[in-house]
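K.L.:
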Amino acid sequence: WIRSLLPHILSKINRVSYGLLGPADASMSDPRTPQSRLLMAVPFVGKDVPSRSSEFAHPDVLIGLTILAFRYEGQRKSDLKRVVSQLKQDYSRQVGPREKRPACLLFNQWLRLCSNEHLVGSKKASSSVLPLPLFQPNDSKQLARLFTMTHRLPELIHYLLQQHIFPSCMNFQKLKVSACGHELGSDILFGKRIGFSGTPSNLLPVDLGTCQYEPRSDGRIVHVLTSPQVTSASKKEEWTARSLLRDMARAEPTFHALIDTGALITGMDNEEVARYLLLHLPEWMEGVVYLDRQDRQMILLRDSGRSVNLAQCGISPAKRFTFYDQVHTTGMDIKQAPSARAVLTIGKDMTFRDYAQGAYRMRGIGKGQTIQLCLIPEVQHRIETELGGEHNILTGRSELDVPAWLLLNSMRMESIQFIQMSTQELHNVWRKRALGTLLSEVEQNGLITPPPSSSERLRRFVDPASPPDVLQWLRRCVNQFREPISYAVEDSVPVPRSYAAKLQSIVAENEDFVDSNESRSRIDFVMEKVSSTGSGKHTEQHANTLSFNAEVVHENEQEAEEEAEEEAEEEEQKVSAFTRDDEQANPWMAKFLKQLPSGKLGEEAFYPFSEFHVHEDQPQLAFPQNLMLSDNFFRPRWCGLGDRRLKNISLVLEWIPGVWNEPMQETIKRVVKALFIQLTNGCDRSDACPNEYCAKNSHCVASGKQRNEIAALSLQLAVKEVKKVTAKDSVLCASSQRSLDYFVSSKFDSNRFLVAVSLAEGETIRRLIHSQPRGDILRNAHLCLRTISDLVIDKSLGYLPEAASYNIGKTESAVQIGMQCLRFVNCEMYYTEEELELLERGLAAASLDKRLSFFSECLRLRRRERNLWGDTPLAKIFTPQEQWHLLRTRALLEQVNAAIQIAMKKRHIDPNQAFHRFDSDSDGSLSYEELQRALEWMQLGFAPRDYFTLVRHADEDSTGKITIEKFREVFRVPEVFVYQKKEKAEVVELQGNWMCMNCTFINSVHNHSCVVCEFGWTGRRECPADKWECLGCTFYNPKTQFYCEICNKARSDLASVRF
């Protein structure tokens, strides 16, 4: 919901895209208008113009927009009257003193909140409202005073939505009869049709034919609107609706019209805008023209301050200002002065059609009349982002950039419309056949005399006397006009399919409804058009992603209804909420392996692990410089685009790029030189050397040979020496070997990299090793493919292992350190002591907090059965060494906390109730023994010794007592535990409220007892805050009394107090 629906909801503009029906709108509604439309948010066709009959179909979108609409606009008087009337009824049914009844307390609480000076400005306002027992909702004056104070109060709006609107309106059908405007354009209903539009488009039903354009009209419009003599622009850095009006009215030279195509002037109706403009316009401006709610052209006169019909006014167009609100920027003609200047606003959701329609309200544009564009920073940023991207077509001239950006918006909108039109075109083919079948069946039954009743006509769809195939066919024909209002989620993550493939599957499902060559040719025409259109690719991906996310939300709710007891971990395994966009493999050239990596993001296929993070909030760890990962494993551009499921690291490529050749030559030179010295002068030993390749040995192979022969022999031995994998049978003496080891370790391993690659990349690399073993690539680079468990799968011919082969310890091995770091990124938790030492060396530059944050985020984005690391060897990596003795206790605490959460969800055990149950002296704290019994009472499945250890660990200050606050902190217990069957759970439960188990009243989380029945959230009666409970008769007495009114016992908490 948060990742898919909330951004969609927040992108809408209140009173432009959605809003509440006002009193004037409701009065013009049809008497049969459903309650949901009158009470909740409805779609708007323009600024302050609600749709006549439409409603939002998606329940979650409707909930979100309704909450925002009430938050922006506040509640209406009818809503307030509904709430107060209900409170009056509740008040009459409740018992007790008037001022103590829950309804009266709630009403007084709202008045106290309204007395805040930030809401009203004066604390005297609440005193003018009568208390609830005396308040009369039908008194317009009383209701008006209360409305002025509370119509924007969040607590009252929350109560209204929770108690009145959502319960009465959030009922939805699972099936609906579906129809669309496509049927009017096709020949399914009418044989001949004709259409007219001032803004033509070829997105038409095939039956309607093609649109006939006026020649050169579009080019003329573009030419005029991109001319610098006609169009200019101004940018507003800091703006509000009133500041825009003020700046336009005071501008020099004076403007004559404001065309609000971008719907920037909100929060004011048209007459209010006219009056505000008249205050700031020059004195010689005699009036402001506007459109009222009945679409009448009115003018507000400066002299009289009254509004009259424009046709009855004789003011010259040069002496009046015209305001076109957003909904009237199309199809409205008001005469303007020949040289009039107009301001035209640009909004984020505009298209080029909106821009052209608004600009041509100035009928003389390009012939003396001009326009100035008003660009706000948000729109300017969008223009620069979208035009200055990969192709960089940003010119810096607003008269060119704005039309270009609006054309891009038009293309996006038309691509969405094309997808919908293609789907409707195909369904229209099948609906024609279905409608013909149903009509012919009605004609046959119409010949029966006497005519059958309605119930008898319905029974023909289930008549056992009819053939089963006939009944099935009739039902399928009817189902063509039905649309299920639900989403069927697959058991696994669906494989992404192209839009054409989805249409092909729909065609296959309805093959039985295609009965003519004309229908087949129609389907082939639509499919060919879809296949040849490539402009809708990004729109299709966006639509698919949004659709999938919406399905997940819906399915989560369905599972919650059917499986109220299921654990959260099991639900997460069933539904994937990870983003799947841009997951295709990016190929890269194999010759890249010959070059040393630059380490810069976006330039090459590999980038350093030190630059890796899944989102901006996750810290980047300073991994060793030789650790890298493939772009196909995780792409840096995915950061900030939602959660991504991390792939497991299965294959690791040990890669030694082309700079290996230079060290190889240097090594051979050093070996030749060392061997030549050995064979001619001997080594540095004082006695006889046992090495047969040393001149100090009497049996040396070089004895009696010339220097040229010794040099050739040295070269042969050097080549063999470098190719050796180990140094066990080295021909070099000890001192020469040590010198060579240091050289090899310093040269060879500085360019040895470990790269996390995908399975597909590993497969291709292995094929390269086998198909081109002596090719140009493998002559300049050496490769070794190994698993995350450090098992070698394959290697190239020239590959030499790491410098550990040259008597360097394993703890100094860069490859071994890197492999343990990759296991850490792979969220592995079990290591030997030696592996932990290697991992600690690899993460030495990262703090403990960053290590834990990085690991936790990676673990969250993987599907692992085990999510607790506290009892694994990995815990040492996240814990200072001086606290290692506490690792077992912390691991045990993690396990107990997890068991408590499961007990709360599956067995509905309230840990707070367990705490109070064993708090015998009611002092809000437990001793060691009491807390241990409380934990055992919850039956978590741990030994008494474990509870004994945890209880003492919880008491960090060694006071011998554990308070309720400390108990909640250590064992992660919520302050309020509410169990409800999920099918009865309300939206407000997520917003910090709890439902009384006794009377089901929704209470604020700040109330420890129910305001209606005084039962606590534990399910038992609680003593009010201003009273004390008698230990003898349990009567609640006021705290002003020292003795019980019933049994005359003294207060227990004052037994040791002397007066």
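Numbers given in our numbering equal positions in the sequence shown, counted from 1, plus 1106. We put the CB at the ideal spot given by N, CA and C, even for glycine. Small disclaimer: the values here were computed from a predicted structure and weren't measured.
1. Please name the residue in Ile2006, His1114 and Val1433 whose C-alpha comes closest to that of Arg1121.
2. Which value, in whole angstroms, describes the spacing of the CA atoms of Asn1214 and Gly1170?
3. Give me the Cα-Cα distance between Phe1094 and Ser1704, rounded to the nearest whole angstrom.
4. Leaving aside the five residues before and after Gly1453 along the sequence, list all residues of the same chain whose C-beta is less than 6 Å from its C-beta, in chain order.
5. Taking the alpha-carbon of Lys1153 as reference, which of Tyr1430, Ile1477 and Cys1210 has the nearest alpha-carbon?
6. Kindly indicate which three-state DSSP category Glu1589 falls into: helix, strand or coil?
7. From Ser1135 to Leu1126, what distance separates their C-alpha atoms?
8. Quick check: what's the CA-CA separation for Gln1822 versus Asn1814?
9. Can you tell me which of the three DSSP states Met1146 falls into?
10. So, using beta-carbon positions, are Gly1393 and Ile1421 closer together than 8 Å?
11. Is Tyr1178 near Val1148, with beta carbons less than 8 Å apart?
12. Which word fits Tyr1936, buried or exposed, when buried means at least 16 other C-beta atoms lie within 10 angstroms of its C-beta?
13. Specify, as a first and last residue, the run of the alpha helix (DSSP H) that Pro1260 falls within.
14. Buried or exposed for Ser1110, going by 16 or more other Cβ atoms inside 10 Å?
15. For Ile1629 and Asp1621, I'd like the C-alpha separation in whole angstroms.
16. In chain order, what residues of the same chain lie with their CB nearer than 6 Å to the CB of Phe1654, ignoring the 5 residues before and after it?
17. Taking Cβ positions, are Pro1730 and Cys1927 nearer each other than 8 Å?
18. With distances taken between CB atoms, is the gap from Ile1923 to Leu1891 smaller than 8 Å?
19. So is Asn1585 buried or exposed if we call it buried at 16+ other beta carbons inside 10 Å?
20. Please work out which residues of its chain come closer than 7 Å, Cβ to Cβ, to Ala1594, disregarding the five sequence neighbours upstream and downstream, and give them in chain order.
21. Helix, strand or coil, according to DSSP, for Glu1676 in the structure here?
22. Within the same chain, show all residues whose beta-carbon is closer than 6 Å to that of Leu1980, passing over the 5 residues directly before and after it, in chain order.
23. Following the continuous beta strand (DSSP E) through Asn2143, name the residue where it begins and the one where it ends.
24. Is Val2002 buried or exposed, if buried means 16 or more other CB atoms sit within 10 Å of its CB?
25. Between Val1165 and Leu1112, what straight-line distance do the alpha-carbon atoms span, to the nearest angstrom?
26. Let me check understanding here. Comparing Cα to Cα, which of Ile1762, Pro1714 and Glu1867 lies closest to Gln1690?
27. Take every Cβ of the stretch 1491-1499, pair it with every Cβ of the stretch 1251-1264, and state whether three or more of those distances are shorter than 8 Å.
28. Might you give, ordered along the chain, the residues of its own chain that have their beta carbon closer than 8 Å to the beta carbon of Lys2155, omitting 5 neighbours on each side?
29. So, for Glu1520: in the same chain, excluding its five sequence neighbours on each side, which residues have a beta-carbon less than 8 Å away from its beta-carbon?
30. With a Cβ-Cβ cutoff of 8 Å, do His1888 and Ile1762 count as a contact?
31. Report the option in Pro2017, Val2057, Asp2029 and Glu2035 whose CA atom is closest to the CA atom of Gln2045.
32. Keeping to the same chain, check which residues put their C-beta closer than 7 Å to that of Leu1266; ignore five residues upstream and five downstream.
33. What would DSSP say about Lys1118, mapped onto helix, strand or coil?
34. Which residue wins for smallest C-alpha separation from Lys2067, given the options Val2079, Glu2042 and Gln2038?
35. Assess contact between the stretch 2005-2020 and the stretch 2029-2036, defined as three or more Cβ pairs (one per stretch) separated by less than 8 Å. Is contact present?
36. Identify, in the order they occur along the chain, each residue of the same chain with its Cβ nearer than 7 Å to the Cβ of Tyr1905, setting aside the five sequence neighbours on each side.
P.N.:
Per the coordinate set shown:
1. Selection Ile2006, His1114 and Val1433 evaluated against Arg1121 yields Val1433 as nearest (Cα-Cα).
2. 29 Å
3. The structure shown does not extend to residue 1094, since the chain is modelled only from 1107 to 2165, so the question has no answer here.
4. Same-chain partners within the cutoff: Gly1368 and Ala1369.
5. Tyr1430
6. strand
7. 13 Å
8. Linking Gln1822 to Asn1814 through their CA atoms gives a straight-line distance of about 13 Å.
9. DSSP, reduced to helix, strand and coil, places Met1146 outside both helices and strands of the structure shown, so it counts as coil.
10. Using a Cβ distance threshold of 8 Å, Gly1393 and Ile1421 count as a contacting pair.
11. no
12. exposed
13. Pro1260 to Leu1266
14. By the 10 Å Cβ count, Ser1110 comes out buried.
15. 12 Å
16. Because Phe1654 carries a pLDDT of 29, less than 50, the predicted location of this residue cannot be relied on, and no value is offered for it.
17. yes
18. No; because the gap between Cβ atoms is not below 8 Å, this pair is not in contact.
19. Under this definition Asn1585 is an exposed residue.
20. Its pLDDT being 49, under 50, Ala1594 is placed unreliably in this model, and the coordinates cannot settle the point.
21. At Glu1676 the pLDDT is 47, less than 50, meaning the model places this residue with poor confidence; the figure from the coordinates comes in the next sentence. Helix.
22. Met1935
23. Tyr2142 to Pro2144
24. Buried, by the Cβ-count rule.
25. Correcting the residue type first, residue 1165 is Pro in the shown sequence and not Val. Looking at the two C-alpha atoms, the distance is approximately 13 Å.
26. Glu1867
27. no
28. Cys2136, Leu2137, Gly2138, Cys2139 and Tyr2149
29. Ser1307 and Leu1309
30. In this structure, Ile1762 lies closer than 8 Å to His1888 by Cβ.
31. Pro2017
32. Gln1181, Asp1185 and Val1189
33. coil
34. Gln2038
35. no
36. His1888, Leu1889 and Cys1890
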